[in-house]
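Following the working numbering, the residues of the sequence shown are numbered contiguously, the last one being 521.
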Amino acid sequence: MFFFIPREMTRALNPKYTPPSRDSLSNVLIPAWYNVEKANLITELTTVGKVALTSDSWTSLSQDHYLTVTAHYILEGETRQKVLTTKAVYEAQTGPVVAEEINEVLQEFGIMDKIVAVTVDNAANMDVAIKRLQFIKLGCFAHTLNLGAQRVHSVASVAKWTAKIRNIVVWMKRSSLAKTVLREKQQVLNLPQHSLILDVKTRWNSLYLMIERFLEQYPAIQAASLDQRLRKPIERDRLARLTDEDFRKGEEFVHLMRILYTSTLCVSSEKSPTCGQILPILQKLEKHFTVVEEDTVFLSSIKQAVWENLSKRYQGDDIRSFLEEATALDPRFKHKIEDSSTVWVRIKEKLMVANVPESTKSRIDSEEGIAVQSNEEEIRKQRENDITDKGEREEEDDNPPPCKRAKISPLEELFAADDEQKIKSTESTTMSIDNKVDAELRLYQALPPTMTSDDPAAWWWKQKNTYPFLSDLASSYLCVQASSTPSERVFSTAGDTISPERSRILPEKADMLIFLKKNC
Numbered sequence: 002m003f004f005f006i007p008r009e010m011t012r013a014l015n016p017k018y019t020p021p022s023r024d025s026l027s028n029v030l031i032p033a034w035y036n037v038e039k040a041n042l043i044t045e046l047t048t049v050g051k052v053a054l055t056s057d058s059w060t061s062l063s064q065d066h067y068l069t070v071t072a073h074y075i076l077e078g079e080t081r082q083k084v085l086t087t088k089a090v091y092e093a094q095t096g097p098v099v100a101e102e103i104n105e106v107l108q109e110f111g112i113m114d115k116i117v118a119v120t121v122d123n124a125a126n127m128d129v130a131i132k133r134l135q136f137i138k139l140g141c142f143a144h145t146l147n148l149g150a151q152r153v154h155s156v157a158s159v160a161k162w163t164a165k166i167r168n169i170v171v172w173m174k175r176s177s178l179a180k181t182v183l184r185e186k187q188q189v190l191n192l193p194q195h196s197l198i199l200d201v202k203t204r205w206n207s208l209y210l211m212i213e214r215f216l217e218q219y220p221a222i223q224a225a226s227l228d229q230r231l232r233k234p235i236e237r238d239r240l241a242r243l244t245d246e247d248f249r250k251g252e253e254f255v256h257l258m259r260i261l262y263t264s265t266l267c268v269s270s271e272k273s274p275t276c277g278q279i280l281p282i283l284q285k286l287e288k289h290f291t292v293v294e295e296d297t298v299f300l301s302s303i304k305q306a307v308w309e310n311l312s313k314r315y316q317g318d319d320i321r322s323f324l325e326e327a328t329a330l331d332p333r334f335k336h337k338i339e340d341s342s343t344v345w346v347r348i349k350e351k352l353m354v355a356n357v358p359e360s361t362k363s364r365i366d367s368e369e370g371i372a373v374q375s376n377e378e379e380i381r382k383q384r385e386n387d388i389t390d391k392g393e394r395e396e397e398d399d400n401p402p403p404c405k406r407a408k409i410s411p412l413e414e415l416f417a418a419d420d421e422q423k424i425k426s427t428e429s430t431t432m433s434i435d436n437k438v439d440a441e442l443r444l445y446q447a448l449p450p451t452m453t454s455d456d457p458a459a460w461w462w463k464q465k466n467t468y469p470f471l472s473d474l475a476s477s478y479l480c481v482q483a484s485s486t487p488s489e490r491v492f493s494t495a496g497d498t499i500s501p502e503r504s505r506i507l508p509e510k511a512d513m514l515i516f517l518k519k520n521c
């Protein structure tokens, strides 16, 4: 945030100081600061092994279209979030175009080969873009939950009931007299003096919030509707009266949908909403939205509509496997995976591939080369034995001789026994890595889950000496975000930067200001 001190105050504090002019601040100081901070971020990213991204698009007041990309990574047990760019784009945002724009950003910051996954919303162009970049694409879980919650509008009984409540809310918010009467009833009934909330389909959980506030203020709403000052206007506008049945449905609705609201808050928070939370939350939602015998028709219809939508999400084999491994490596939820045996097998395979010594890889490649050479030698000898006539021998003589194995040097001959011992030691080291991986996995699986309030990245950093292999692998999953809300928070900052008073600010300057605001 930039604070501008009036020139008169500056002159009073220090008459010798000359503050920078507007032109100097805009065209010299801010760009210089931006260049320094950007260089520092690029340097920091060179020390990081794995990076996850979120990305989204936004249109400003001046109708400039912006694409933002945020980077997420773990450094010394701390999950860090940086805005790479909020650049103005001028081409139609098709999948290939978005892919090229994101690719340019990644090349600029030198992290193209470090990307683990990209979390984006459910827009089709983003889906195409991430596939072209050949990254793992994770759908924003907050958007997914909102899409599930919006399915209640497709239930006829719910739509009719909510329309009845919505009409009352709209009428009371529109009438100044109704607001006054409602506030009087709130004071008499000792209720919080809260305004009623009107739902908006594009706002997450707004229907839940409207019904929750309706229940809170139900006594005051009922009392206000019976007041003589409002009774006749309500009857004149033919508003349906609220009944106890409406109140009962409201209680059932809020109790049922509260878990969706809470889940959205979990994955939209700024404190480590990693992808390891997705499957455990879906398990809770599946249990909560399973229809039971005690459910009313009203409740069962909502449950079926919501879960029918949510159950179709994250069903691809690749993304499902990725989320299962992320859940297993989150110490808070490692016991929440369903088919645990295959998950741990996959994790062990990845650990072995990542920790095979380079010397062993070189030796394996060398042995494969020697085996190929020996095979060629055997083929040549076989061909010589099969030659019976002179002409064929002459043709064979015309062929170039096979490459001979290089002679060993005197130094190699002198220390041949030591080299042989090194090979055996390397083999035993490989075996010991396998044993160490098994030991780490057994120890980690036997450990009780940590509290949900714990930071998994900080936990692995503290345990890095106990689990050296697992801690490195865990950082590849814990940096992946469960939702794309970090990008959307950038747009909130962008809205403050490109305000009505500064709607003519150049997109390049806006990018600098947003970068500095979010990263410094």
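Just so you know, even glycine gets a beta-carbon here, dropped at the ideal spot from N, CA and C. All figures in this text were calculated on a predicted structure; none of them were measured in a lab.
Does DSSP put A89 in a helix, a strand or coil? Secondary structure at A89: strand, using DSSP grouped into helix, strand and coil.
So, using beta-carbon positions, are K115 and K51 closer together than 8 Å? yes
Cβ neighbour criterion (16 or more within 10 Å) applied to T328: buried
Is L199 helix, strand or coil by DSSP? coil
Can you tell which of A100, H195 and R249 has the C-alpha that lies nearest to the C-alpha of R184? Closest option to R184, Cα to Cα, is H195.
Output the distance between the C-alpha atoms of R505 and R333, rounded to the nearest integer angstrom. 48 Å
DSSP beta-bridge partners for Y219? According to DSSP, which records beta bridges pairwise, Y219 is partnered with nothing at all.
Alpha carbon to alpha carbon, how far is L134 from V344? Give it in angstroms, no decimals. 26 Å
Secondary structure of A143, DSSP reduced to three states: helix
Taking 8 Å as the threshold (C-beta atoms), are V481 and T120 in contact? yes
I'd like to know whether the C-beta atoms of V49 and T69 end up nearer to each other than 8 Å. no
Taking the alpha-carbon positions, what's the E309 to L197 distance? 31 Å
Less than 8 Å between the CB atoms is what I'm expecting for A143 and V307, so what's the real figure, rounded? Wrong, their Cβ atoms sit about 15 Å apart, outside the cutoff.
Where does the unbroken alpha helix (DSSP H) through T275 begin, and where does it stop? Counting along the chain, T275 falls outside any alpha helix (DSSP H), and DSSP gives it neither H nor E.
Decide if P16 is buried, meaning its Cβ has at least 16 other Cβ atoms within 10 Å, or exposed. exposed
Just to confirm, is the Cβ distance from A241 to Q187 under 8 Å? no
Measuring CA to CA, which of L442, G251 and S207 is closest to Q218? G251
C-alpha distance - L216 paired with M258, whole-angstrom precision: 14 Å
Is the Cβ-Cβ distance between T87 and A459 less than 8 Å? no
Measuring CA to CA, which of D318, A124 and S264 is closest to N206? S264
Flag this pair as yes or no: are the beta carbons of V255 and E213 separated by less than 8 Å? Yes, the Cβ-Cβ distance between V255 and E213 is below 8 Å.
Is it right to say K272 is buried, meaning 16 or more other beta carbons lie within 10 angstroms of its own, or is it exposed? exposed
Is T389 helix, strand or coil when you go by DSSP? Confidence at T389 is low in this model, with a pLDDT of 47, below 50, so its placement is unreliable and no value can be given for it.
Taking the beta strand (DSSP E) that T524 falls in, what are its first and last residues? Residue coverage of the chain in this structure runs from 2 to 521, which leaves residue 524 outside it and unanswerable.
What are the boundary residues of the alpha helix (DSSP H) that includes A475? P469 to L479
So what does DSSP say about A118, is it helix, strand or coil? strand
Close beta carbons around D65, own chain, < 6 Å, minus the five adjacent residues each side: Within the same chain, A89 and P508 come within 6 Å of D65 by CB-CB distance, once the 5 residues on both sides are set aside.
Got a sec, what are the start and stop residues for the alpha helix (DSSP H) Y67 sits in? Per DSSP, Y67 belongs to no alpha helix (DSSP H); it is in the beta strand (DSSP E), H66 to L76.
My understanding is that T275 touches A483, with C-beta atoms under 8 Å, so please give their C-beta distance in whole angstroms. 6 Å
How far does the alpha helix (DSSP H) with L517 in it reach, from first residue to last? Element bounds for L517: P508 to N520.
Give the straight-line distance between the Cα atoms of L14 and I260, rounded to the nearest whole angstrom. 56 Å
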